[in-house]
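Here is the structure we will look at.
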Amino acid sequence: MRREPPQRLVDYGPLVFPAGMLTVFFVVPFATMIAVSFFQRQQGGFYTPAFVFDNYARFLSLFFGKVLGFSLFLAIAVAVACVVVGIPFTYLLSRSKRNVQIVWLVALLSILSLSEVMIGFAWSTLFSRTAGITNLLVWLGLMEQALALTPSFTAVMTAMTYQAFPYTILVLYPALVRLDPTLTEAARTLGASPVKAFFTVVVPVLRNTILATLIMVFIFALGSYLLPQLLGRPQHWTLSVLITDQAIYQSNMPFAAAMAVFLVLVSLALVGLAFYAGRQKEAK
Amino acid sequence: MTALRRLFFFIVSLFLALPLIVVAGVSVNQRQSLTFPPQGFSLAWYGQIFTNPEWRNALIASLTLAALSALLALLIALPLAWFLWRRIAPWANIFQLLGIAPFTLPPVITALGMLTFWATTGFYGQPWTAVISHGIFFVTLPLVTLSLGFSAIDRSLVEAAATMGADDKMVFRTVVLPLILPYLISGYAFAFVLSLNEYIVAYMTVGFTMETLPIKIFNALRYGYTPTMASVTMLFLVVAAVVFGLVARFGDLPKLLGAMSEDK
Numbered sequence: 009m010r011r012e013p014p015q016r017l018v019d020y021g022p023l024v025f026p027a028g029m030l031t032v033f034f035v036v037p038f039a040t041m042i043a044v045s046f047f048q049r050q051q052g053g054f055y056t057p058a059f060v061f062d063n064y065a066r067f068l069s070l071f072f073g074k075v076l077g078f079s080l081f082l083a084i085a086v087a088v089a090c091v092v093v094g095i096p097f098t099y100l101l102s103r104s105k106r107n108v109q110i111v112w113l114v115a116l117l118s119i120l121s122l123s124e125v126m127i128g129f130a131w132s133t134l135f136s137r138t139a140g141i142t143n144l145l146v147w148l149g150l151m152e153q154a155l156a157l158t159p160s161f162t163a164v165m166t167a168m169t170y171q172a173f174p175y176t177i178l179v180l181y182p183a184l185v186r187l188d189p190t191l192t193e194a195a196r197t198l199g200a201s202p203v204k205a206f207f208t209v210v211v212p213v214l215r216n217t218i219l220a221t222l223i224m225v226f227i228f229a230l231g232s233y234l235l236p237q238l239l240g241r242p243q244h245w246t247l248s249v250l251i252t253d254q255a256i257y258q259s260n261m262p263f264a265a266a267m268a269v270f271l272v273l274v275s276l277a278l279v280g281l282a283f284y285a286g287r288q289k290e291a292k
Numbered sequence: 118m119t120a121l122r123r124l125f126f127f128i129v130s131l132f133l134a135l136p137l138i139v140v141a142g143v144s145v146n147q148r149q150s151l152t153f154p155p156q157g158f159s160l161a162w163y164g165q166i167f168t169n170p171e172w173r174n175a176l177i178a179s180l181t182l183a184a185l186s187a188l189l190a191l192l193i194a195l196p197l198a199w200f201l202w203r204r205i206a207p208w209a210n211i212f213q214l215l216g217i218a219p220f221t222l223p224p225v226i227t228a229l230g231m232l233t234f235w236a237t238t239g240f241y242g243q244p245w246t247a248v249i250s251h252g253i254f255f256v257t258l259p260l261v262t263l264s265l266g267f268s269a270i271d272r273s274l275v276e277a278a279a280t281m282g283a284d285d286k287m288v289f290r291t292v293v294l295p296l297i298l299p300y301l302i303s304g305y306a307f308a309f310v311l312s313l314n315e316y317i318v319a320y321m322t323v324g325f326t327m328e329t330l331p332i333k334i335f336n337a338l339r340y341g342y343t344p345t346m347a348s349v350t351m352l353f354l355v356v357a358a359v360v361f362g363l364v365a366r367f368g369d370l371p372k373l374l375g376a377m378s379e380d381k
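Just so you know, the protein sequences line up as chains H and P, in that order.
Under the numbering used here, residues 9 to 292 are what the first sequence spells out, in order.
Under the numbering used here, residues 118 to 381 are what the second sequence spells out, in order.
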């Protein structure tokens with residue numbers, strides 16, 4: 009039974025349910041959101057159909073600029089931290105025994121699937137005064153007395169790196185596990201140390217993968233909304249937090265929708281870039 | 118070199134395990150205070166999840182939502198993946214793209230889209246809207262595992278069956294289904310575990326009428342601390358580890374992950 013184009017109308021049958029569901033419950037909601045982003049907001053949390061750019065005009069404020077700038081900065085910092093540690097880690101993991109790999113993959117998947125609420129809770133505990141890591145330092149005699157490490161930028165950054173790290177490894181894993189081992193073997197035979205072989209052979213070969221991973225992790229980090237709320241101060245809030253806040257607590261759906269549309273555009277542009285980087289790799 | 122490598126692996130595992138160790142510690146604390154190392158030992162907070170009606174209801178809500186939405190995701194993904202494998206219809210790839218999009222974009226976007234949609238249609242707050250929202254949000258996972266499963270099928274097997282006179286339905290039941298069953302199960306497992314843990318989409322669709330466990334934890338966090346949060350976190354971690362462990366035991370996890378990200 010070879011692959012063939014659909015001949016009769018009935019051949020399209022299997023497509024009806026998936027296409028219908030995705031259209032009604034993804035495309036239509038998406039379109040609704042775009043429409044609402046142009047609506048006029050009324051007092052009391054309602055909005056009326058209109059076509060105004062007011063919601064987008066609010067982007068031009070200094071406050072919004074700061075939030076956007078901080079979100080981008082935070083996501084870049086997290087992506088760089090994850091990729092810098094993730095590449096050597098994934099490289100070593102992909103060269104480990106298969107059993108070791110499976111244990112690590114199960115652990116990473118389990119942490120990755122852990123709810124953001126739970127990750128936030130776990131880190132706020134670890135950074136707390138009564139149950140936190142500073143107690144250990146006091147016990148070791150390195151500190152005078154235990155103190156709370158949240159809310160702070162370091163806490164937000166650490167927890168977001170924690171959340172994105174398993175994702176980074178799972179994005180890098182396929183490329184690294186398929187990397188031709190003879191490449192590094194050749195470098196080693198010619199006298200390069202393992203570290204030198206890693207930096208002069210593995211890293212250049214994976215240049216495009218690394219770029220694509222950076223972008224994927226960047227988008228992933230951009231989506232973090234609870235950790236900045238739970239572990240940071242209001243100045244550490246990201247665009248995702250602001251969207252939730254406007255939609256739920258300020259009842260300003262049109263503005264929330266406008267910000268979400270903006271976030272989509274930023275993400276789509278970056279996904280496009282990541283795909284482009286991926287294609288470049290294949291072309292070579 | 119091996120020593121250096123061991124040290125590196127040790128530091129990474131410490132970073133990953135440390136918050137969980139502390140949570141495991143406070144979850145067995147005898148008193149209702151946030152202290153580590155734990156004072157005394159008690160499994161009472163694990164019992165709370167099942168005996169306290171609020172936590173139990175949240176657990177039931179989460180399990181129901183995860184079971185149903187993962188099933189819906191599978192029901193959307195299976196015919197789509199089958200069609201893309203069976204037919205040459207390049208324009209149908211757009212639906213594959215639509216299936217992957219919700220998971221690739223920041224989750225708050227899908228959540229807000231769903232919120233505006235349910236509010237506009239007047240169904241906002243109904244429990245079943247969360248099932249549909251999660252089903253759509255997580256359709257990516259079974260779609261990716263199933264596409265991988267279909268691409269692994271040796272077409273000569275299917276052709277042999279067709280030559281012997283089997284029609285599409287029979288081929289599907291007797292040849293295709295047994296071959297893709299592992300991918301079907303792992304796709305369901307991934308969607309189930311992620312739905313269990315998902316917060317923002319559930320919160321924006323049914324957050325004011327229904328509490329899933331992540332919503333319950335977040336609400337509880339705002340009013341202070343109760344050790345049940347810690348025991349729930351541990352329970353969820355164990356559930357995830359068991360599910361993924363089973364997938365690894367009965368399937369080929371490295372292969373599944375090797376191709377999963379490539380498709381993205």
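The beta-carbon is built from N, C-alpha and C at its ideal position, and this holds for glycine as well.
- At a cut-off of 8 Å, the C-beta of residue 263 (chain P) has no neighbouring C-beta in chain H.
- Short of 7 Å from the beta carbon of residue 357 (chain P), and not among the five residues preceding or following it, lie these beta carbons of its own chain, in chain order: 310.
- Contact residues of the region 235 to 252 of chain P toward chain H are 237, 249 (C-beta to C-beta distance below 7 Å).
- When 7 Å is used as the limit between beta carbons, residue 203 (chain P) is near these residues of chain H: 11, in chain order.
- The beta-carbon of residue 170 (chain P) is placed no less than 8 Å from the nearest beta-carbon of chain H.
- DSSP, read as helix, strand or coil, puts residue 241 (chain H) in coil.
- Within the region 231 to 247 of chain H, contact with chain P at the beta-carbon level (separation under 8 Å) is assigned to 231, 233, 234, 238.
- Annotated as distal: residue 371 (chain P) and residue 305 (chain P), with beta-carbon spacing of 8 Å or more.
- Our two residues, residue 263 (chain P) and residue 366 (chain P), have alpha carbons roughly 19 Å apart in a direct line.
- Shown here, residue 48 (chain H) sits in a strand according to DSSP, grouped into three states.
- Pairing residue 128 (chain H) with residue 12 (chain H), the inter-Cα distance amounts to about 50 Å.
- Within the model, the alpha-carbon separation for residue 76 (chain H) versus residue 250 (chain H) is close to 10 Å.
- Residue contact with chain H for residue 184 (chain P): absent (no Cβ-Cβ distance below 8 Å to any residue of chain H).
- Judged by their CB atoms, residue 234 (chain P) and residue 40 (chain H) are nearer to each other than the 8 Å cut-off.
- Residue-level contact check: residue 124 (chain H) touches chain P, since one or more beta carbons of chain P fall below 8 Å from its beta carbon.
- For residue 157 (chain H), the closest of H:140, H:186, H:201, H:25 by C-alpha to C-alpha distance is H:140.
- Chain-order list of chain P residues neighbouring residue 109 (chain H): 370, 371, by C-beta distance under 9 Å.
- DSSP places residue 64 (chain H) inside the alpha helix (DSSP H), whose first and last residues are 62 to 65.
- Taking a 10 Å sphere around the C-beta of residue 239 (chain P), we find fewer than 16 other C-beta atoms and assign the residue as exposed.
- In the DSSP secondary-structure assignment, residue 342 (chain P) is not bridged to any residue.
- Here residue 307 (chain P) has 258 as same chain residues with Cβ atoms under 6 Å from its own Cβ, once five neighbours each way along the sequence are excluded.
- Secondary structure remark: continuous alpha helix (DSSP H) runs of at least 4 residues inside the region 214 to 278 of chain H, in chain order: 215 to 230, 235 to 239, 247 to 252.
- Contact annotation for residue 33 (chain H) against chain P: 231, 234, 249, 250, 252, 253 [CB-CB distance below 9 Å, chain order].
- Per DSSP, the continuous alpha helix (DSSP H) segment holding residue 204 (chain H) begins and ends at 202 to 205.
- Under the criterion of beta carbons closer than 8 Å, residue 250 (chain P) and residue 318 (chain P) qualify as touching, at roughly 5 Å.
- Distances from the alpha-carbon of residue 67 (chain H) to those of H:263, H:19, H:48 put H:263 closest.
- At a cut-off of 8 Å between beta carbons, residue 367 (chain P) makes no contact with chain H.
- Taking all protein chains in view, the Cβ of residue 165 (chain H) is crowded by 16 or more other Cβ atoms within 10 Å, so the residue is classified as buried.
- Residue environment: residue 105 (chain H) is assigned as exposed (fewer than 16 neighbouring CB atoms within 10 Å of its CB, all protein chains considered).
- Using beta-carbon distances, residue 92 (chain H) does not count as an interface residue toward chain P, since no partner is under 8 Å.
- Between residue 130 (chain P) and the set H:116, H:88, H:33, the nearest pair of CA atoms involves H:116.
- Annotated three-state conformation of residue 106 (chain H) is helix, per DSSP.
- Below the 8 Å Cβ cutoff, chain H contributes 123, 124, 125, 234 as neighbours of residue 316 (chain P), in chain order.
- Contact annotation for residue 166 (chain P) against chain H: no contact, minimum CB-CB distance about 14 Å [criterion: below 7 Å].
- For residue 168 (chain H), the number of other beta carbons within 10 angstroms of its own is at least 16, and it is reported as buried.
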